[in-house]
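Note sheet for the following structure.
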Ligand code: 1QQ
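In the numbering used here, the protein residues as written are 2 to 444.
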């Protein structure tokens, strides 16, 4: 259903209603749920420069004492370590909002069996060294029971190893590349892999434009997630849908001029363009492709899953198709509570995917810690034992009713999630738009 049912009507703002209704006239209806996610954005096209030092911190060592083991009434320390600075902050800002809403929400509900949680916000900036430094602060300075972060898979492949070696649980809030849970036994993720989520976007594009034959692909070759995602997209194009891959263009996440790639793509005369990059680079490529005259359908990968991309590609974001792991219309109490928290904080009832995944990551830690504490009081466990017990609990097969739906984790820490979505961007101005849900895929 594209139009809100009565129970969902409360989550449509006036500006979004008109955009959704316009989109309804031109796009197929989603089978069930949600109409749209992500309200307008007003951020600049580039995030502030990194301010955190990137020099290597001392090697991680397993901290002893304090932390979760401290007095029964004391807060339980958890690290929320994502990109607050650098271009990656376009994505990290969404995550911080979700974490802050969750921290307040779960503490208002009594925290972990009466003990509040305290989130330590360590900035990873946008690269591997930033993430390693931040994780070392979490482990050795903040002495947390577990870490949520980092923003990028590219960072996770470096920093998660540090946490794993120190036997500190890591929950990836947005790491979607192949191989993340396999980094080590203390790693898990709440962000479903691109290998499952991304192909739905190709299916939706073919539904809208059945005569697509020739496909151009572009990806950021210095980014692990983008390389993983383009592999999935290229496999869907050539093997699943037997389409022609007419050109594969590469770029760097730091690029701003995409004249060469856009020209090469247009010269290859594709019926569909698929881009795997991050928000700033990917958004600029979309804009420059349109500016140079490409008029056909476009798919953006998970790096576009933020309203912060709207001021980058501006009106030219319109029509972009993006697979998502969250939709605001999910009809559950926890999702309604999450949306109410988002509305109170952001004055919008359409939280984006990264915000929902961050909330879910905090929720999983709170509920897993409650279960651990129920078996043997955290205040009686050493910090090391608390970390190990938290990790074991996450991988025990327990389920969590989150805004992403009911989820669980396999023994390797891979999320098992049932429902995914495909959205299409509908811009209402040069900087404001919504993700209008056009497809729902349940396993
Ligand atoms: C990854 C991603 C990013 C684009 C999410 C913010 O999926 O790095 O794995």
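Backbone N, C-alpha and C define an ideal beta-carbon position, used for all residues, glycine too. Owing to the predicted nature of the structure, the values given are computational and were not obtained by experimental measurement.
Considering only DSSP beta bridges, list what residue i is partnered with.
i, result
"residue 427", "435"
"residue 1", "Nothing can be reported for residue 1: it is not among the residues displayed for the chain, which extend from 2 to 444."
"residue 301", "276"
"residue 78", "119"
"residue 284", "Its beta-bridge partners do not exist; DSSP assigns none."
"residue 441", "422"
"residue 245", "215"
"residue 294", "None, per the DSSP bridge assignment."
Pop quiz: residue i and residue j are said to be a contact at Cβ under 8 angstroms. What is the actual Cβ separation, rounded to whole angstroms?
i, j, result
"residue 92", "residue 286", "Contact doesn't hold; Cβ gap of about 16 angstroms is too wide."
"residue 145", "residue 80", "4 angstroms"
"residue 327", "residue 404", "7 angstroms"
"residue 271", "residue 247", "5 angstroms"
"residue 99", "residue 360", "4 angstroms"
"residue 338", "residue 106", "7 angstroms"
"residue 224", "residue 254", "5 angstroms"
"residue 393", "residue 318", "Rounded, the Cβ-Cβ distance is 43 angstroms, inconsistent with contact."
"residue 132", "residue 151", "4 angstroms"
"residue 130", "residue 226", "No, residue 130 and residue 226 are not in contact; Cβ-Cβ is about 18 angstroms, not under 8 angstroms."
Quick one, are the C-beta atoms of residue i and residue j less than 8 angstroms apart?
i, j, result
"residue 524", "residue 316", "Within the shown structure, residues of the chain are numbered from 2 to 444, placing residue 524 beyond reach of any answer."
"residue 203", "residue 238", "yes"
"residue 228", "residue 235", "no"
"residue 325", "residue 424", "yes"
"residue 244", "residue 264", "no"
"residue 77", "residue 370", "yes"
"residue 216", "residue 273", "yes"
"residue 171", "residue 140", "no"
"residue 205", "residue 322", "yes"
"residue 233", "residue 220", "no"
"residue 436", "residue 426", "yes"
"residue 366", "residue 147", "yes"
"residue 87", "residue 126", "yes"
"residue 309", "residue 143", "no"
"residue 256", "residue 335", "no"
"residue 384", "residue 390", "no"
"residue 297", "residue 276", "no"
"residue 103", "residue 363", "yes"
Could you pull out every unbroken alpha helix (DSSP H) segment of at least 4 residues lying fully inside the region 317 to 397, listed in chain order?
Counting whole runs of 4 or more residues, the region 317 to 397 contains the alpha helix (DSSP H) stretches 334 to 347, 354 to 376 and 384 to 395.
Say whether the region 371 to 379 touches the region 340 to 354, bearing in mind that this needs 3 or more beta-carbon pairs closer than 8 angstroms, one atom from each stretch.
As far as the Cβ criterion goes, the region 371 to 379 does not touch the region 340 to 354, which means the pair count is below three.
For the region 180 to 189 against the region 272 to 292, are there 3 or more C-beta pairs whose distance is under 8 angstroms?
Segments in contact, no.
Minimum length 3: unbroken beta strand (DSSP E) runs contained in the region 82 to 163
Those beta strand (DSSP E) runs which fall completely within the region 82 to 163 and span 3+ residues are 118 to 122 and 147 to 149.
Is there contact between the region 332 to 345 and the region 153 to 160, where contact requires at least three CB pairs shorter than 8 angstroms?
The region 332 to 345 vs the region 153 to 160: no contact.
Can you list the beta strand (DSSP E) stretches of 3 or more residues lying completely in the region 398 to 424, in chain order?
The region 398 to 424 contains these whole beta strand (DSSP E) runs: 401 to 403 and 406 to 410.
Quick check on the DSSP output: what are the complete alpha helix (DSSP H) runs of length 4 or more inside the region 178 to 243, in order along the chain?
Within the region 178 to 243, the complete alpha helix (DSSP H) runs of at least 4 residues are 195 to 198, 200 to 209 and 225 to 236.
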